[in-house]
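Below: one structure, written as structure tokens.
Protein chains: 6
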Amino acid sequence: MIGKTGIAVRSIRRAPEAAVAQLAKFGVATIHEAMGRTGLLAPYMRPIYPGARVCGTAITALGHPGDNWMLHVAAEMLQPGDVVVFALSSPDDHGFFGDLLATSFRARGGLGLIIDAGVRDISELQQMNFPVWSKAVHAKGTIKATVGSVNTPVVCAGALVNPGDVIVGDDDGVVVVPAAKAAEVAQASREREAKETSTRARLKSGELGLDIYSMRDKLKAAGLVYYDHVDDVK
Amino acid sequence: MIGKTGIAVRSIRRAPEAAVAQLAKFGVATIHEAMGRTGLLAPYMRPIYPGARVCGTAITALGHPGDNWMLHVAAEMLQPGDVVVFALSSPDDHGFFGDLLATSFRARGGLGLIIDAGVRDISELQQMNFPVWSKAVHAKGTIKATVGSVNTPVVCAGALVNPGDVIVGDDDGVVVVPAAKAAEVAQASREREAKETSTRARLKSGELGLDIYSMRDKLKAAGLVYYDHVDDVK
Amino acid sequence: MIGKTGIAVRSIRRAPEAAVAQLAKFGVATIHEAMGRTGLLAPYMRPIYPGARVCGTAITALGHPGDNWMLHVAAEMLQPGDVVVFALSSPDDHGFFGDLLATSFRARGGLGLIIDAGVRDISELQQMNFPVWSKAVHAKGTIKATVGSVNTPVVCAGALVNPGDVIVGDDDGVVVVPAAKAAEVAQASREREAKETSTRARLKSGELGLDIYSMRDKLKAAGLVYYDHVDDVK
Amino acid sequence: MIGKTGIAVRSIRRAPEAAVAQLAKFGVATIHEAMGRTGLLAPYMRPIYPGARVCGTAITALGHPGDNWMLHVAAEMLQPGDVVVFALSSPDDHGFFGDLLATSFRARGGLGLIIDAGVRDISELQQMNFPVWSKAVHAKGTIKATVGSVNTPVVCAGALVNPGDVIVGDDDGVVVVPAAKAAEVAQASREREAKETSTRARLKSGELGLDIYSMRDKLKAAGLVYYDHVDDVK
Amino acid sequence: MIGKTGIAVRSIRRAPEAAVAQLAKFGVATIHEAMGRTGLLAPYMRPIYPGARVCGTAITALGHPGDNWMLHVAAEMLQPGDVVVFALSSPDDHGFFGDLLATSFRARGGLGLIIDAGVRDISELQQMNFPVWSKAVHAKGTIKATVGSVNTPVVCAGALVNPGDVIVGDDDGVVVVPAAKAAEVAQASREREAKETSTRARLKSGELGLDIYSMRDKLKAAGLVYYDHVDDVK
Amino acid sequence: MIGKTGIAVRSIRRAPEAAVAQLAKFGVATIHEAMGRTGLLAPYMRPIYPGARVCGTAITALGHPGDNWMLHVAAEMLQPGDVVVFALSSPDDHGFFGDLLATSFRARGGLGLIIDAGVRDISELQQMNFPVWSKAVHAKGTIKATVGSVNTPVVCAGALVNPGDVIVGDDDGVVVVPAAKAAEVAQASREREAKETSTRARLKSGELGLDIYSMRDKLKAAGLVYYDHVDDVK
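Chains as they are written, first to last, in our numbering: chain A, 2 to 235; chain Y, 2 to 235; chain D, 2 to 235; chain P, 2 to 235; chain H, 2 to 235; chain U, 2 to 235.
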């Protein structure tokens with residue numbers, strides 16, 4: 002159904018609320034590590050202001066270059082705690098979204114937007130504290146002429162997103178957690194963070210990663226040779 | 002005369018002061034919409050610090066890669082309320098402009114700079130609150146060897162700019178308003194903003210764009226079909 | 002030795018402390034000018050937060066795409082006042098470095114990182130006030146499988162860096178000063194800055210660069226013709 | 002299962018041979034149109050020589066930057082008529098594939114390669130007439146250190162590809178046809194091509210698309226106004 | 002009128018036939034030099050096959066991302082010897098043009114296409130020997146929903162093009178010659194080429210550019226110092 | 002001395018002729034492998050026509066954006082068997098080199114050009130069979146105003162090149178072999194090629210790389226699990 006247009010789905014199965022609440026505590030880097038280094042959107046997806054952060058369930062939409070019609074249909078599907086994920090049928094940088102749509106999204110309970118295109122009204126969005134991750138900032142407006150789809154699976158910035166998946170965004174980027182795995186990933190994130198806390202304390206005291214992670218023998222086996230001076234290298 | 006070099010024009014016809022003062026109240030996105038979605042510079046033109054904003058009349062300059070000589074000639078032409086628009090004969094990222102030239106521009110009444118190349122002394126420019134929109138930040142200095150032109154029409158970041166046109170820049174980018182249309186565009190911007198204010202209130206109350214803009218029939222005609230569940234899609 | 006792997010050098014010859022302390026007073030643009038416009042890294046190297054600033058001696062490392070092993074070896078070589086410069090054997094955007102490694106670097110006296118790849122934990126690094134210049138921000142984690150080198154000469158973002166060279170980074174980018182030239186460049190920077198101070202005062206008073214730098218005759222000789230009105234141009 | 006590693010699947014369900022044979026007759030542009038304008042890989046995927054062409058069933062593989070190990074596992078899975086589709090866990094341009102692997106692929110019945118990374122031995126591959134679509138050409142070699150997956154679903158150059166799907170590549174790019182839709186898409190392609198043949202004849206005789214497609218009234222309704230001379234435009 | 006939509010102009014003033022015929026004899030590099038190094042489109046505009054070459058008068062069109070409607074209107078305006086120049090209101094890579102439209106253009110006397118977007122049916126266009134310069138190759142099809150303009154001034158790939166201007170394209174790119182200057186530029190091109198012929202003979206005999214162009218004194222004055230060995234450099 | 006300007010060195014130490022002759026027999030990919038995967042220039046350096054090939058000793062030059070003066074000085078230094086390597090002080094795409102300079106280079110014994118910028122007269126260069134690797138093709142001409150250097154070490158497309166080093170270019174890119182290592186690298190290339198010949202024969206017979214390189218145990222140890230069907234994956 003990827004790429005198919007003309008479909009708007011009303012009911013979706015969202016990830017369990019408790020798992021979403023858990024995931025909200027962790028950063029994007031931690032979560033993607035806890036998922037075996039999967040789920041990241043492409044790094045060109047950047048927050049429109051530093052410190053932006055979101056965690057919610059995905060309303061997906063697929064639109065066309067220069068046409069933001071499906072964002073209005075997506076607004077209709079929003080429930081409190083949702084994040085809109087907008088994919089495009091072909092690369093484009095128009096400004097699809099501004100403070101009016103953000104006002105509408107927020108009024109319906111929407112928490113933020115992930116969009117593989119451009120946005121505008123950046124200052125106003127930051128004043129509203131409405132988080133957006135986008136490929137571009139562009140004042141250029143859009144039309145409403147061609148239908149796409151809402152709440153079908155989409156490929157957004159290189160990642161497959163299904164409606165109801167958990168979307169987490171922070172200064173490091175955006176990660177998608179499949180709804181069915183949300184609880185398991187939250188648990189794995191918690192464990193990873195606990196481990197990192199103890200490692201951080203050891204590193205802070207001056208201990209080296211080489212020793213904490215027992216890397217010295219592996220480095221030697223892999224061929225690293227230590228020299229006292231560069232002139233000793235033959 | 003586009004691209005012709007060796008010309009420096011002293012007197013230009015600036016957009017009417019009243020119209021410039023009016024346009025200063027609106028954002029780049031609003032103004033470009035009020036002009037029928039024309040006049041934007043390419044979206045790679047970004048402010049060097051968040052919150053930068055400018056509205057003034059254009060002193061245009063055309064220079065060559067790695068050569069900022071014409072910015073000194075442009076300084077001579079500045080009157081209070083002007084903004085320098087610097088185009089290049091070929092793409093380049095050198096740092097053409099820093100705090101010394103900004104000091105000179107400001108002393109002559111210059112309000113800001115739009116440059117299809119690089120700038121430097123970013124921290125100092127932000128401390129001075131001197132707004133610049135550029136393609137790049139680069140410390141690399143320039144020479145003064147080849148003449149270009151000042152106050153001839155230029156193509157800057159994909160947009161045609163004539164001397165005396167109104168230049169507005171904000172966090173969303175840069176728009177150019179032809180001098181002869183400044184009053185008309187200011188009026189259209191005012192009307193657009195008034196309309197948006199009322200729409201914003203309705204959206205804030207939870208009303209949908211689909212209803213406010215009467216989109217439902219058009220969506221149906223364009224082929225959008227609603228389904229309750231994804232499994233209902235054949 | 003450029004590009005050779007399997008080498009970790011313990012002792013390097015650092016630039017004299019006094020010269021490093023002097024260079025810490027100047028901006029990247031000033032220093033690169035004082036070096037005859039050499040030494041800049043490519044302008045795609047950007048600080049991960051505005052206002053980041055560093056000046057220290059280089060510990061160099063060469064690693065492979067998606068593999069941050071050598072950063073752990075680099076940590077071992079750090080002495081107070083050092084900055085790690087990390088080059089890659091092939092272009093890559095993984096997130097090689099985050100708050101754990103920053104904690105380790107700082108514990109060993111490391112002042113910052115220059116990396117021709119991606120970093121993550123941006124918010125945490127900013128909170129720590131740990132300055133990093135990178136090509137990308139990416140949450141994607143790395144492995145530790147293949148050895149590179151530490152403290153051999155590297156080409157990082159287009160610039161040759163030798164261990165012990167002085168690295169200065171600010172909002173304008175990154176410059177490398179060869180260790181043997183550090184004192185001479187610091188002196189030249191001081192002279193340049195003194196000259197700029199007096200020029201700035203003259204520009205501030207409204208004097209033009211055209212007159213301060215005696216450019217008028219040169220412009221004429223180079224073919225620039227002044228016209229009162231554009232209609233005078235034949 | 003997208004992005005999961007450590008899995009190599011031996012048996013896959015390939016699209017029906019007859020449908021693949023039918024699709025081999027059509028161009029990429031025609032097929033993607035027949036699928037409702039879906040299925041294209043990103044346009045940065047280019048053939049390594051002009052005139053390259055392939056149509057076969059997908060063996061999918063997921064690998065890591067600088068590591069071509071999974072291409073060797075993919076070779077094991079090849080049956081006559083297959084095309085390998087290689088996705089990466091993170092963007093990379095290494096030369097993953099050259100004439101040795103092409104020799105192996107061909108010996109096993111492989112028809113070509115679609116790879117979201119770099120290739121090398123371009124001259125030799127062209128002499129062998131072994132078609133490859135890639136993001137880059139790069140001589141840089143790879144290691145074999147980390148496992149990915151073979152014959153799991155992958156996102157390659159922005160498109161979802163399942164093992165057994167039909168892959169068609171020509172000078173215009175690459176399109177993926179889901180195995181279950183192969184017959185239906187082949188039929189739709191045939192119909193489209195038939196229609197184009199008759200349109201081509203009319204256009205060749207000088208008839209205009211405006212008349213053949215009855216566009217004149219729609220253009221007028223959409224606001225296009227004809228003027229005899231540019232001076233007539235008010 | 003730049004950027005204004007809803008206008009289709011029937012009659013335009015073409016450059017004189019004799020001048021166009023003269024310009025057809027020279028390469029893009031020669032012509033742009035003869036115009037004082039002006040008139041080039043951006044270098045990302047590449048021919049879709051090596052050896053493509055065109056010289057004709059411009060029919061201009063302005064369209065929107067993903068919408069090729071105006072190419073059909075442009076076809077109606079074509080007279081023998083014309084070249085269509087297609088600009089976009091915002092950057093886009095769709096495949097706007099293929100062998101059907103090429104058939105139509107040729108039937109009306111059109112010689113080629115310059116398009117700041119994508120094209121498809123590359124193999125067929127090459128077989129037809131129909132020259133196109135484009136920003137991208139992409140199989141992705143377009144819609145016909147929004148009007149732009151035909152035969153108004155456009156900015157295409159950074160260059161201002163007026164209807165009736167002369168367009169020359171070859172392997173080096175595309176240059177536009179204003180209609181009013183066509184004869185003068187043709188003459189200057191002829192002179193430049195004559196001079197190059199004699200220079201080429203001298204260079205072929207082993208004489209150096211340093212001597213032919215009397216550069217030795219200028220190099221010395223500009224600060225170039227010759228050393229016999231690198232060790233002589235202090 | 003990297004980046005220093007104002008220096009032209011007449012005598013350089015070239016790699017031994019016999020070693021250059023040996024290296025001429027191998028491809029770029031083979032040579033870079035034989036050097037431990039070092040020495041490649043960035044992959045954006047592409048031949049201007051397919052099948053271009055060169056092997057010779059480097060005359061290095063450093064120039065400035067839009068200024069090709071140093072190519073004329075480089076011509077003076079050419080001896081039969083040399084290849085000019087041209088680096089820039091800042092990124093640029095001008096057309097620095099065309100058929101006139103190629104005529105001069107060839108007359109002096111020059112075999113080709115590697116240039117981290119643009120070239121023009123592509124058709125003529127291909128007719129002359131004069132091989133060039135460049136970052137861009139651009140008709141835009143250059144000036145002769147500022148001195149750079151000739152025969153000093155340069156960083157070209159990310160690689161350090163010393164005068165006299167061996168430069169090999171083919172369809173896969175460009176590799177630089179330090180003069181002192183030329184003989185050793187030629188020998189290692191010969192051995193590598195011999196080994197590949199025998200591997201190629203085994204692969205051609207249908208044997209798998211998995212078996213030839215004894216990868217099966219390593220894959221298992223690294224965590225790859227084989228499944229007969231995708232449904233077997235838990």
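Ideal placement from N, C-alpha and C gives every residue a C-beta, glycine not left out.
- Item | Whole-Å CB distance - D171 of chain H paired with S91 of chain U, under 8 Å assumed | Their Cβ separation, rounded to whole angstroms, is 28 Å, which puts D171 of chain H and S91 of chain U out of contact at 8 Å.
- Keeping to the same chain, check which residues put their C-beta closer than 6 Å to that of V74 of chain D; ignore five residues upstream and five downstream. Here the set comprises A9 and V151.
- Query: Between K136 of chain Y and chain A, is there a C-beta pair that is closer than 8 Å?
  - Reply: For K136 of chain Y, the answer is no, since every Cβ of chain A falls outside 8 Å of its Cβ.
- Task: Consider the Cβ of G256 of chain H: report whether some Cβ of chain Y lies at a distance smaller than 8 Å.
- Result: A question about residue 256 of chain H goes unanswered here, because the residues of chain H that appear run from 2 up to 235.
- Query: Whole alpha helix (DSSP H) runs in the stretch 92-136 of chain H with 4 or more residues, listed along the chain?
  - Reply: Segments of the alpha helix (DSSP H) lying fully in the stretch 92-136 of chain H: 100-108 and 123-129.
- Cutoff 7 Å; reference R237 of chain P; Cβ partners in own chain excluding five residues on either side: No answer is possible for residue 237 of chain P: the residues shown for chain P start at 2 and end at 235.
- In the DSSP assignment, what residue or residues form a beta bridge with Y228 of chain D? Beta bridge pairing from DSSP links Y228 of chain D with Y:V10.
- Message: Using 8 Å as the threshold, is the C-beta distance between K141 of chain U and G96 of chain U below it?
- Response: Cβ atoms of K141 of chain U and G96 of chain U: closer than 8 Å.
- Item | Euclidean distance between Cα positions of R203 of chain A and D233 of chain A | If I take the Cα positions, the gap works out to 33 Å.
- Query: Roughly how many angstroms separate the alpha carbons of G119 of chain H and Y50 of chain H, rounded to a whole number?
  - Reply: Roughly 14 Å between the two C-alpha positions.
- Comparing alpha-carbon positions, which option in U:V21, U:G4, U:T6 and U:G7 lies nearest A181 of chain U? Minimum Cα distance to A181 of chain U is reached at U:V21.
- Task: Pick out the complete beta strand (DSSP E) segments inside the stretch 146-179 of chain D, 3 residues or longer, and give them in chain order.
- Result: As far as the stretch 146-179 of chain D is concerned, its whole beta strand (DSSP E) runs of at least 3 residues are 155-157, 160-162, 167-171 and 174-178.
- What residues from chain U crowd round V133 of chain H, counting only those whose CB sits closer than 8 Å? Neighbours of V133 of chain H on chain U: none; closest Cβ ~16 Å, over 8 Å.
- Item | K145 of chain Y beta carbon less than 8 Å from that of M36 of chain D | Going by C-beta atoms, M36 of chain D is not nearer than 8 Å to K145 of chain Y.
- Query: Using CA coordinates, which residue listed in A:A189, A:K235 and A:G149 is at the minimum distance from T6 of chain A?
  - Reply: If you compare the alpha carbons of A:A189, A:K235 and A:G149 with that of T6 of chain A, the shortest gap goes to A:G149.
- Message: So N152 of chain H contacts chain P; which residues on that side make the cut at Cβ distance below 8 Å?
- Response: Within chain P, V231 have C-beta atoms less than 8 Å from the C-beta of N152 of chain H, given in sequence order.
- Any heavy atom of the ligand FAD within a distance shorter than 7 Å of the CB on A137 of chain H? Among the components of this structure there are no ligands whatsoever, and the ligand FAD is therefore not found.
- Item | Residues that I60 of chain A bridges to, as DSSP identifies them | Bridge partners of I60 of chain A: A:V85.
- Item | Pair within 8 Å by beta-carbon distance, A76 of chain U and F106 of chain U | Against a cut-off of 8 Å, the Cβ pair of F106 of chain U and A76 of chain U comes out as a contact.
- Task: State yes or no: is the beta carbon of G67 of chain H nearer than 8 Å to at least one beta carbon in chain A?
- Result: By this cut-off, G67 of chain H is an interface position.
- Task: List the endpoints of the continuous alpha helix (DSSP H) containing L204 of chain H.
- Result: In the DSSP annotation of this structure, the continuous segment of the alpha helix (DSSP H) that includes L204 of chain H starts and ends at A183 to K205.
- Message: If the cut-off is 8 Å on Cβ atoms, which residues from the stretch 195-214 of chain D count as contacting chain A, listed in chain order?
- Response: For the stretch 195-214 of chain D, no residue has a beta-carbon sitting nearer than 8 Å to a beta-carbon of chain A.
- Query: Do you know how far the Cα of G207 of chain U is from the Cα of P164 of chain P?
  - Reply: Taking the Cα positions, P164 of chain P is about 22 Å away from G207 of chain U.
- Is it right to say K136 of chain H is buried, meaning 16 or more other beta carbons lie within 10 angstroms of its own, or is it exposed? By the beta-carbon neighbour count (other beta carbons within 10 angstroms, threshold 16), K136 of chain H is buried.
- C157 of chain A to I3 of chain H span [Cα, whole Å]: Distance between the alpha carbons of C157 of chain A and I3 of chain H is about 34 Å.
- Measure from the C-beta of T104 of chain P to each C-beta in chain A and report whether the shortest distance is under 8 Å. No, because no Cβ of chain A sits closer than 8 Å to the Cβ of T104 of chain P.
- Within 10 angstroms of the Cβ of H230 of chain U, are there 16 or more other Cβ atoms? Answer buried if so, exposed if not. Label assigned to H230 of chain U: exposed.
- So, is the C-beta of D94 of chain H closer than 8 Å to a C-beta in chain A? Yes, because at least one Cβ of chain A sits closer than 8 Å to the Cβ of D94 of chain H.
- Exposed unless 16 or more other CB atoms sit within 10 angstroms - verdict on D218 of chain U: It counts as exposed.
- Note down, in chain order, each residue of its chain lying with its Cβ closer than 8 Å to the Cβ of M71 of chain A, except the 5 sequence neighbours on either side. Cβ within range, chain order: A62, L63, G64, F87, V148, G149, S150 and V151.
- Helix, strand or coil: how does DSSP classify R217 of chain Y here? Helix.
- Message: So for I32 of chain H, helix, strand or coil by DSSP?
- Response: Of the three classes helix, strand and coil, the one that applies to I32 of chain H here is helix, per DSSP.
- Query: In angstroms, rounded to a whole number, what distance separates the CA positions of L112 of chain Y and K205 of chain A?
  - Reply: Looking at the two C-alpha atoms, the distance is approximately 48 Å.
- Message: For chain U, check one thing: does any of its Cβ atoms lie closer than 8 Å to the Cβ of I116 of chain Y?
- Response: I116 of chain Y is outside the set of residues whose beta carbon lies under 8 Å from a beta carbon in chain U.
- Task: Please report the Cβ distance between T143 of chain Y and N69 of chain Y, rounded to the nearest whole angstrom; I am assuming they are in contact, meaning their Cβ atoms lie under 8 Å.
- Result: Between T143 of chain Y and N69 of chain Y, the beta carbon gap of about 4 Å places them in contact (Cβ cut-off 8 Å).
- Query: Going by alpha carbons, who is nearest to Q127 of chain H out of P:A160, P:D173 and P:Y227?
  - Reply: Residue P:D173 holds the alpha-carbon nearest to the alpha-carbon of Q127 of chain H among P:A160, P:D173 and P:Y227.
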